[in-house]
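Everything on this sheet refers to the single structure shown next.
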Amino acid sequence: MIREDVTKSLSMLTPGSAIIVEVSIPPSKKIKFKSVFVGFLPKQFILIQLPDLNRHVELTGNINQGVACTVRSIVEKHEGAVVAFVTSIERTITVPAKMIVLNIPQQVAVRPLRKETRIDTQLNIEASVNNSLLKGIMVNLSLEGCLLSAKKEENVVITKDDTITFAITDKALSDITSIKGIVCNIKSSPTIDYFGVKFEDESYDVIKNLLMKVMFSN
1326 MIREDVTKSL
1336 SMLTPGSAII
1346 VEVSIPPSKK
1356 IKFKSVFVGF
1366 LPKQFILIQL
1376 PDLNRHVELT
1386 GNINQGVACT
1396 VRSIVEKHEG
1406 AVVAFVTSIE
1416 RTITVPAKMI
1426 VLNIPQQVAV
1436 RPLRKETRID
1446 TQLNIEASVN
1456 NSLLKGIMVN
1466 LSLEGCLLSA
1476 KKEENVVITK
1486 DDTITFAITD
1496 KALSDITSIK
1506 GIVCNIKSSP
1516 TIDYFGVKFE
1526 DESYDVIKNL
1536 LMKVMFSN
C-alpha cells in the first residue's frame, strides 16, 4: 500500500526542479543522467523530462517499461533536503513534450541538508581575486560556503571581505563556470593558504547544481 506521506514528500519537488536519475539495466549496468521534474498526480504517476537521446546514446533502447530507476534531488524547503526514491518506468510520451512517466514509489526518503553541512570535495579550481589569478583546491562545500586552499604566491594578496570568483576545472564539472563569494576567514600554513568563502546569493542555483553532482556522483 502506498503510504500517505509519499504524496507529501513528492510535493517538496517543484516543477522545473533539477533531478539526477539513475536507471538500472540488468544484470548490473547503471546509467545516470540529469533531468527535470515536471510534476506528479498523487497515487498515479510522475512526469520527468526525457533527455536528448542524441547526447545520451547509452540510454537508447534502455528507457523501457519496468526498468528500475532511482531519482534524487536537492530541494530548498526546510533549509534544504535531499529527496530520493526508487521507482520504475511506466512509459515514455512525446505529446505535449518528450517525457518519461514513472510509477509512484512506495516510499520517499527525505534527509535534511543543513546549510552548514560540509561535503568533502577536493575539486580543482581557478579563481580571480583582486585582479589576480590563482589555482587551488575546493576542500569542502556546503549550501552557504566552501573552503579553498592554494599554494602561497607572493604576487597574490587576499584579505578578509575580498570578493572572489572561481570556476571548477575538473572535466566532469566543466559546466560549473562561475561561483561568486566573499572571503570570510583566512588561515595559513608555511606553504598553503586556506580561505573560507561565503557564497553570494546569485550563485545559489550553481551551488545547488554542484552539490547534486558531488553528492550523487558515486
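In short: position in the sequence shown from 1, add 1325, done, that's the working numbering. Cβ coordinates follow ideal geometry from the N, Cα and C atoms, glycine included.
is_contact[residue i, chain C] using C-beta, thresh 8 Å
{"i": "residue 1448", "result": "No chain C is present in this structure, which holds just one protein chain."}
Residue of the options minimising C-alpha distance to residue i
{"i": "residue 1476", "options": "1461, 1470, 1530", "result": "1461"}
{"i": "residue 1340", "options": "1347, 1450, 1473, 1366", "result": "1366"}
{"i": "residue 1376", "options": "1356, 1473, 1391", "result": "1356"}
{"i": "residue 1419", "options": "1468, 1501, 1372", "result": "1372"}
{"i": "residue 1343", "options": "1362, 1426, 1351", "result": "1362"}
{"i": "residue 1394", "options": "1432, 1409, 1385, 1346", "result": "1346"}
{"i": "residue 1469", "options": "1353, 1401, 1335", "result": "1401"}
{"i": "residue 1536", "options": "1422, 1447, 1379", "result": "1447"}
{"i": "residue 1380", "options": "1360, 1456, 1457", "result": "1360"}
{"i": "residue 1391", "options": "1508, 1348, 1353", "result": "1348"}
{"i": "residue 1334", "options": "1524, 1509, 1432, 1487", "result": "1432"}
{"i": "residue 1459", "options": "1518, 1370, 1330, 1406", "result": "1518"}
{"i": "residue 1478", "options": "1467, 1513, 1472", "result": "1513"}
{"i": "residue 1351", "options": "1382, 1387, 1408, 1503", "result": "1387"}
{"i": "residue 1497", "options": "1526, 1509, 1538", "result": "1538"}
{"i": "residue 1481", "options": "1382, 1457, 1500", "result": "1457"}
{"i": "residue 1530", "options": "1502, 1444, 1516, 1354", "result": "1502"}
{"i": "residue 1384", "options": "1396, 1364, 1370, 1358", "result": "1358"}
{"i": "residue 1534", "options": "1516, 1389, 1397", "result": "1397"}
{"i": "residue 1332", "options": "1353, 1364, 1354", "result": "1364"}
{"i": "residue 1422", "options": "1467, 1445, 1374", "result": "1374"}
{"i": "residue 1472", "options": "1520, 1499, 1500, 1516", "result": "1520"}
Inter-residue CB distance, residue i and residue j (contact presumed, cutoff 8 Å)
{"i": "residue 1511", "j": "residue 1483", "result": "7 Å"}
{"i": "residue 1474", "j": "residue 1505", "result": "The Cβ separation is near 19 Å, so there is no contact."}
{"i": "residue 1417", "j": "residue 1430", "result": "Not quite, the Cβ-Cβ distance comes to about 18 Å (not below 8 Å), so this is no contact."}
{"i": "residue 1414", "j": "residue 1399", "result": "Residue 1414 to residue 1399, Cβ: 23 Å. No contact."}
{"i": "residue 1406", "j": "residue 1427", "result": "In fact, because the Cβ distance is near 20 Å, the residues do not count as touching under 8 Å."}
{"i": "residue 1508", "j": "residue 1485", "result": "6 Å"}
{"i": "residue 1408", "j": "residue 1463", "result": "The Cβ separation is near 25 Å, so there is no contact."}
{"i": "residue 1465", "j": "residue 1436", "result": "18 Å between Cβ atoms; not a contact."}
{"i": "residue 1320", "j": "residue 1541", "result": "This structure cannot speak to residue 1320, because the chain is shown only from 1326 to 1543."}
{"i": "residue 1487", "j": "residue 1455", "result": "6 Å"}
Bridge-paired residues (DSSP) for residue i
{"i": "residue 1347", "result": "1357, 1395"}
{"i": "residue 1374", "result": "1424"}
{"i": "residue 1445", "result": "1465"}
{"i": "residue 1417", "result": "1425"}
{"i": "residue 1522", "result": "1471, 1508"}
{"i": "residue 1501", "result": "BP columns for residue 1501 are empty, so no partner."}
{"i": "residue 1366", "result": "1370"}
{"i": "residue 1400", "result": "1406"}
{"i": "residue 1437", "result": "1406"}
{"i": "residue 1412", "result": "1394"}
{"i": "residue 1513", "result": "1518"}
Quiz item: In the region 1447-1496, which residue ranges form an unbroken beta strand (DSSP E) of at least 3 residues, counting only runs that do not cross its ends?
Solution: 1457-1466, 1470-1476, 1488-1493
Quiz prompt | Stretch pair the region 1489-1498 + the region 1438-1452: three plus CB contacts closer than 8 Å | solution = yes
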